[in-house]
Amino acid sequence: MCGIFGVRGHPAAAELVQLGLYSLQHRGQESSGIVTVDDTSRAHAVRAMGLVSEGLDVGELRGLAGSTGIGHTRYSTAGSSVLANAQPVVASVRGGAVALAHNGNLTNAAELRQELEDSGAIFSSTMDSEVIVHRIARSRAERPEERLAEALQGVEGAYSLLVLLGDTLLAARDPRGWRPLVMGTLGDSVVFGSESCALDIVGAQAVREVEPGEIVVVDREGVRTGARLTAKEQHRCVFEYVYFARPDSRVFGGSVDRARRELGRRLAREHPTPGADLVFSVPDSSNSAALGYAEESGLPYELALIRNHYVGRTFIQPTQGARDAKVRVKYNAVREVLQGKRVVMVDDSIVRGTTTRGLVAMVRAAGAKEVHMRVSSAPVTGPCYYGIDTPTREELIAANYTTPEIAAHLGVDTLGYLSLDGMLESVPDGPHGFCHACFSGDYPTAPPTDPEKLRAGCGC
Ligand code: 5GP
Ligand code: SF4
Ligand code: MG
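Residues 148 to 607, numbered by the working numbering, are exactly what the sequence shown covers, in order.
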């Protein structure tokens, strides 16, 4: 997964993009980058491994001249943690520079790349996103929006894109609308961000989402819809509401906080816990859902787990055998809250089950008498091919075990997952028009021919 941000027509474009990326850091921590274009349509780029605060400091920004810029934060994916895969992708094409920032995964990137390589294209990264840049370069169309629309014909899968072509800024979403992309204004300038929290941080006003299949153009003449791709049934990622986006954001036109509260309330109705003493969350991702559960059930909301916010990616992995050490570095339990209590532990999702198992052991060690696990999403039974780095089916606990087996493995007294319908009915504008493939197995596209290659080359 990744975060993207862009602005056109602001004297401090690079600083604005940097700020936007700070608030999208949760969408990607592996690398980040900013590209600006100046008055002469020359591109200036900085890309670095690590967090925005590590790689894109003030000194780095000094060379980024121009009033138009785009930026990207990249999520860690297996086998591809190299600077060559940091975005935005920059290249030189007919008419000047092109830069591209992509959130999502293309599902037919391998085939498209093969076609391009067979006709002589030379790739400089393993990212799926680079395919789009090559296709822009080959387009014979004149206007930037036509070049992008032509490049995107036949490209399958998930993409929210920001593209600089000369001094034109383009924003596009795939026709199924998998990933969010919000458009806003800041004075006379136009800004885009993966989530509305990125607009808030720069003081911009959110206007609307870029629509699925829409290409928005921002150039000297202003802002307008430049093209529309062939319409398809919408498949917005429900996991954005469940886990990925920040609760202070609006995505897909709805509030993430409201979505998570409702997921929690619905969970409380589907899986009540009579006789429990209190509810707590696994901070931070399930805070809002746990609040919803507490509101609906009437149980007190407590802070039973405390998260250390300073554990970075540089944290050295514990040795084999110290299975729970990783969990202990990130979380600690509050004995005074848990001692002798029958507790409801709410989390947004269970993926592998390893973190959850460690946390349950910790909660018990702190004196909890009963642990009732409640999950504000349906069981994750399949991988995601559309931009979220979920593991293979073999590693997904719910793909291989029944709910009672999972409960036993986690060491909880009871386990309740929200139903698929309950999940889809809880999110704004649900239940239709959402992707739920990793929960239901209902994949809207053919899976990529080589999913492992996709994981390694994901430019999301
Ligand atoms: P598990 O018990 O499956 O090892 O971990 C569950 C936890 O992982 C939950 O707290 C959930 O919020 C978190 N989680 C779910 N999806 C992702 C993801 O894509 N990346 C990361 N880092 N955490 C995730
Ligand atoms: Fe979202 Fe799951 Fe669909 Fe991936 S498969 S886009 S995580 S709902
Ligand atoms: Mg979590």
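Note that the Cβ used here is the ideal one computed from N, Cα and C, for glycine as well.
query                                                                                                           : result
Check whether His619 and Arg323 have beta carbons under 7 Å apart                                               : Summary: the structure shown does not reach residue 619, with the chain confined to residues 148 through 607, and so no result is reported for it.
Backbone secondary structure at Asn252 - three-state DSSP                                                       : coil
Proximal residues to Leu263 (C-beta, below 7 Å), its chain only, five neighbours per side dropped               : Val278, His281
Proximity below 7 Å, CB of His249 to CB of Ser266                                                               : no
Residue of Ala256, Glu442, Ala437, Asp186 minimising C-alpha distance to Pro594                                 : Ala256
Between the CA atoms of Pro526 and Ala584 - distance to the nearest angstrom                                    : 11 Å
6 Å CB neighbourhood of Val357 in its chain, flanking five on each side removed                                 : Ala318, Arg320, Leu328, Met330, Val363
Cβ separation of Ser272 and Arg221, assumed to be a contact under 8 Å, to the nearest whole Å                   : The pair is not a contact, with the Cβ atoms about 11 Å apart (cut-off 8 Å).
When Leu543, Val426, Ser336 are compared against Thr637, the one with the closest alpha-carbon                  : Nothing in the structure corresponds to residue 637, since the chain is present only between 148 and 607.
Inter-residue Cα distance where the pair is Met148 and Pro447                                                   : 34 Å
Paired residues, beta bridge with Met196 - DSSP                                                                 : Ser178
For Glu417, the residue or residues it bridges with in DSSP                                                     : In the DSSP output, where bridge partners are listed per residue, Glu417 has none listed.
Contacting residues, own chain, Cβ-Cβ under 7 Å from Lys477 (five flanking each side not counted)               : Arg454, Asn455, Val458
Residues that DSSP places opposite Tyr478 in a beta bridge                                                      : Arg454
Contact test: Val429 Cβ vs the ligand MG heavy atom, cutoff 6 Å                                                 : yes
Start-to-end residues for the alpha helix (DSSP H) that takes in Gln165                                         : 160 to 170
For review: beta carbons within less than 6 Å of any heavy atom in the ligand SF4                               : Trp325, Cys384, Val385, Phe386, Cys531, Tyr533, Ile535, Cys582, His583, Ala584, Cys585
For Asp395, three-class secondary structure by DSSP                                                             : coil
Option nearest Gly411 by Cα separation, candidates Tyr440, Ser587, Arg355                                       : Tyr440
Buried versus exposed, by CB contacts within 10 Å (16 or more), Leu247                                          : buried
Nearest neighbour of Leu203, chosen from Gly534, Val182, Thr528, Thr187 [CA to CA]                              : Val182
Entirely enclosed beta strand (DSSP E) segments - the segment 506 to 534, minimum 3 residues                    : 517 to 522
Own chain partners of Gly563 with C-beta closer than 6 Å, once the 5 adjacent residues on each side are dropped : His418, Arg521
Per-residue DSSP class, three states only, for Met148                                                           : coil
Range of the contiguous alpha helix (DSSP H) that encloses Leu312                                               : Not the alpha helix (DSSP H): Leu312 falls in the beta strand (DSSP E), residues 307 to 312.
N- and C-terminal bounds of the beta strand (DSSP E) containing Thr332                                          : 329 to 333
Which residues DSSP lists as bridging Ser402, in chain order                                                    : Arg397
Short Cβ contact (7 Å threshold) for Arg489 with Ala423                                                         : yes
Nearest-angstrom Cα separation, counted from Val229 out to Ala374                                               : 34 Å
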